[in-house]
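Protein chains in written order, with UniProt numbering: chain A, 1 to 185; chain B, 1 to 185.
What follows is a set of notes on a single structure, which appears directly below.
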């Protein structure tokens, strides 16, 4: 029932945005009584933060499975595809609603700030692992950070219109840049 | 009076976010009567779209003036600083509120979509001009796109917490990458 509530929350954030996502809408979508919902999540804030956190973790597990099938050659391009896909996924658009709402809501920012930093750290560590590099060599650390800022920017661009074609050419040339610039371990 | 209304709108979007920005709040902040406001902007949508459009154009004029003082050596790093500054400015955070609201509001998206594409094209052309490169050479076009996606991603990261130090190191190493990778004209 917790999981159903969290899934309904992310769906509601994606379809209706922050303002349209109310605890009433979520309990209806999840088919859960108001009382049961309040038992699990006493407020909208508790619900949305838990939902974005849990589904981001689950999405990372999915990515891990995708990564197992990466070919040895052109591996970097495949890694970029996996990373970029995270930033055009429903849970990214749900998180975007949450981050933007938190910018002007101090109470929300108190829980969203630490969550955003944790997700940022974990995504960074995951990118390093996927690329199979040693972060302490050359500019590797900054290149990984730039890569994640890049795919975050691409995700934001994709939130308003279909940006698939442009994204593919940007990632192609970015993969070539990383191929030349990363210091292999 | 139009300008005062548009400035009050951007300030309100930055401080109160999309939901907190009402035509009443804006007319109070601007010190303009409701009637006069309705005469200039018949709806919240007309007001916010005009405000973000006008202030983005004005901000680009400011950037142009900054760019005149760029030194010849280490020019690329200076250009990156100017471009990145656009994406941590009040008008970017106001635009972010608008883009995100438009994602789940089809009516708003009809005016925001074309505006977002126009700003994107103009910022791209402006970046090419600042860098002083020929877009048709090598991967220059994709590198400029990647640069703008990168600074957009940095802007989003800066919306929740002070990210100044990390941003500087990412831009330092990105400038070095562009120095090596751009095909000079």
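Quick reminder that beta carbons are idealized off the backbone N, C-alpha and C, glycines included.
For the segment 69-102 of chain A, residues whose beta-carbon sits nearer than 8 Å to a beta-carbon of chain B comprise 93, 96, 97, 99, 100, 101 and 102. Membership of residue 52 of chain B in the alpha helix (DSSP H) is indicated by the continuous run 44-68.
Contact of residue 134 of chain A with chain B is not assigned, every C-beta pair being separated by 8 Å or more. With the criterion set as a beta carbon lying under 8 Å from some beta carbon of chain B, the members of the segment 106-118 of chain A are 109, 112, 113, 116 and 117, in sequence order.
The count of Cβ pairs closer than 8 Å, one atom from the segment 43-62 of chain B and one from the segment 90-106 of chain B, reaches three, so the stretches are in contact. For the 8 Å CB-CB criterion, residue 84 of chain B and residue 16 of chain B do not form a contact. Under the three-state reduction of DSSP output, residue 132 of chain B falls in the coil class, being neither helix nor strand.
Of the other Cβ atoms in all chains shown, 16 or more fall within 10 Å of the Cβ of residue 116 of chain A; this residue is therefore buried. Residue 93 of chain A: member of the alpha helix (DSSP H) spanning 90-103, first to last residue. Proximity to residue 185 of chain A across A/62, A/132 and A/111 peaks at A/132, based on C-alpha coordinates. Under the 8 Å Cβ criterion, the segment 69-83 of chain B counts as touching the segment 158-178 of chain B, having at least three qualifying pairs.
The three-state reading of DSSP puts residue 17 of chain B in helix, counting H, G and I together. Residues of the segment 158-177 of chain A with a C-beta less than 9 Å from any C-beta of chain B: 159, 160, 161, 166, 167, 169, 170, 171, 172, 173, 174, 176 and 177, listed in chain order.
For residue 23 of chain A, the enclosing alpha helix (DSSP H) begins and ends at 23-30.
If you check the CB distance, residue 63 of chain B and residue 86 of chain B come in under 8 Å. Contacts between residue 150 of chain B and chain A, judged by CB atoms closer than 7 Å, involve 146, 149, 150 and 153 in chain order. In the DSSP annotation of this structure, the continuous segment of the alpha helix (DSSP H) that includes residue 153 of chain B starts and ends at 140-158. DSSP places residue 137 of chain A outside both helix and strand once states are collapsed to three, so it counts as coil. One finds nothing in chain A with a Cβ atom closer than 9 Å to the Cβ of residue 7 of chain B; even the nearest lies about 18 Å away. Per the C-alpha coordinates, the member of B/114, B/26, B/121 and B/71 positioned closest to residue 3 of chain B is B/26. DSSP places residue 173 of chain A inside the alpha helix (DSSP H), whose first and last residues are 164-181. A contact is defined here as three or more CB-CB pairs under 8 Å, and the segment 151-159 of chain B meets this definition with respect to the segment 149-166 of chain A. One alpha carbon belongs to residue 112 of chain A, the other to residue 105 of chain A, and they sit about 10 Å apart.
Taking a beta-carbon distance threshold of 8 Å, residue 142 of chain B counts as an interface residue toward chain A. For residue 104 of chain B, the nearest beta carbon of chain A is closer than 8 Å to its own beta carbon. Non-local C-beta neighbours of residue 32 of chain B in its own chain, meaning closer than 7 Å and more than five positions away in sequence, comprise 1, 4 and 5, ordered along the chain. Residue state for residue 1 of chain A is assigned as coil, using DSSP reduced to three classes.
Contact with chain A is found for residue 181 of chain B, since one of that chain's Cβ atoms lies less than 8 Å from the residue's Cβ. Counted as a single uninterrupted DSSP element, the alpha helix (DSSP H) harbouring residue 81 of chain B occupies residues 75-86. At the C-beta level, residue 10 of chain A and residue 114 of chain A stay beyond 8 Å of one another. About 6 Å separates the Cβ atoms of residue 182 of chain B and residue 143 of chain B, confirming a contact at the 8 Å cut-off. Against chain B, the CB of residue 19 of chain A has a partner CB under 8 Å away; the residue lies at that interface. DSSP, read as helix, strand or coil, puts residue 122 of chain A in helix. Interface flag for residue 131 of chain A against chain B is unset, since no Cβ pair is found closer than 8 Å. Using a CB distance cut-off of 8 Å, residue 55 of chain B does not count as an interface residue toward chain A.
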